[in-house]
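Novice: So the number in the numbering used here is just where the residue sits in the sequence shown, counting from 1, plus 292. Heads up, the beta-carbon is just placed ideally off N, CA and C, and yes, glycines get one too.
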Amino acid sequence: ERVKVYSKNNAVKEGVGLYTKTLMEKMPWLPIEEDGRLNDPVLKENFITRIYCLNDFYESMAGEPTRGKIIDFHSRYKLTLMAHHPESYRSLGRLVADVASYEIDEFYREYRLGLMTALSNRASRKNNTNVLMHLQGYFKRSLNKDEKEELATVIQDYRTGTLPLLAPLTLIKHYLNAYPDEYLKKQKFLEPHPQE
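#1: Return the residue from the list R342, Y344 and N419 that minimises the CA-CA distance to T379.
#2: Using only alpha-carbon positions, find the residue among I343, E439, T372 and M353 that is nearest to K478.
#3: Under the three-state reduction of DSSP, which class applies to P378: helix, strand or coil?
#4: On the premise that L405 lies in contact with I464, defined as a C-beta separation below 8 Å, what is that separation, rounded to the nearest angstrom?
#5: By how many angstroms is the C-alpha of K437 removed from the C-alpha of S499?
#6: Straight-line CA distance for A410 to E317?
#7: Closest to P456 by C-alpha separation, out of I363, R417 and K370, would be which residue?
#8: Within 10 Å of its beta-carbon, does H466 have 16 or more other beta-carbons around it, so buried, or fewer, so exposed?
#9: What residue from D390, N338, R386 and K313 has the CA that sits closest to H485's CA?
Quick look at the structure:
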């Protein structure tokens, strides 16, 4: 994204290259990140998540978007959106609820732009904690007292920075195997991309 830009008098400033600028104008939903910034693990993780999400979106539509396909896709990404940008989570939810009043191609373009704009925001520790607590609520009838305490402690330790996000996610996946929930199993928040 950022390159040296030269003016007529050879002054140098940081800016966006012509190719990247044109690409961003023509395809504003496309995940773009400067290669040097990908050395930051958080930015790299977010970039990879965006790429896999966009690929999943295209594969889910299979070249023929329908209202049903978009609703199914959105359902899988609700928690991911909540973690990345709660306002977009709500606005895209309203958009999906109103899908019937759009031409499908117009809706597809608007949803794709909103989705990728939302995911361009990094998921914060605060938002991730909110999602983890939301997930915790799905297990309130399944877990025993000790399991509930363990999950609450692991989420709290993540919130304070003592543990990485992987710790509560691993525990939640463990509980999901023990106490299956079809809706949660489909949530991309739990595994936004392949591990390798």
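Specialist: Judging by the given coordinates:
#1: For the purposes of this step, residue 379 is identified with residue 87 of the sequence shown, where counting begins at 1. It should be noted that the sequence gives Glu, not Thr, for residue 379. Per the Cα distances, N419.
#2: On the sequence shown, position 186 is the one that residue 478 refers to. The option with the nearest alpha carbon to K478 is T372.
#3: To locate residue 378, count along the sequence shown from 1; it is residue 86. Looking at P378 - three-state DSSP - the assignment turns out to be helix.
#4: Taking the sequence shown and counting its residues from 1, one reaches residue 464 at position 172. Taking the sequence shown and counting its residues from 1, one reaches residue 405 at position 113. About 31 Å; that fails the 8 Å criterion.
#5: Summary: the structure shown does not reach residue 499, with the chain confined to residues 293 through 488, and so no result is reported for it.
#6: As a first step, residue 410 is located in the sequence shown; it is residue number 118 there, counting from the start. As a first step, residue 317 is located in the sequence shown; it is residue number 25 there, counting from the start. When only Cα atoms are considered, A410 and E317 end up about 17 Å apart.
#7: Here residue 456 is taken as the residue at index 164 of the sequence shown, counted from 1. For P456, the closest C-alpha among the options I363, R417 and K370 is that of R417.
#8: Walking along the sequence shown from the start, residue 466 turns up at place 174. Flag for H466 reads exposed.
#9: Here residue 485 corresponds to residue number 193 of the sequence shown, with the count starting at 1. Checking every option, the nearest Cα to that of H485 belongs to N338.
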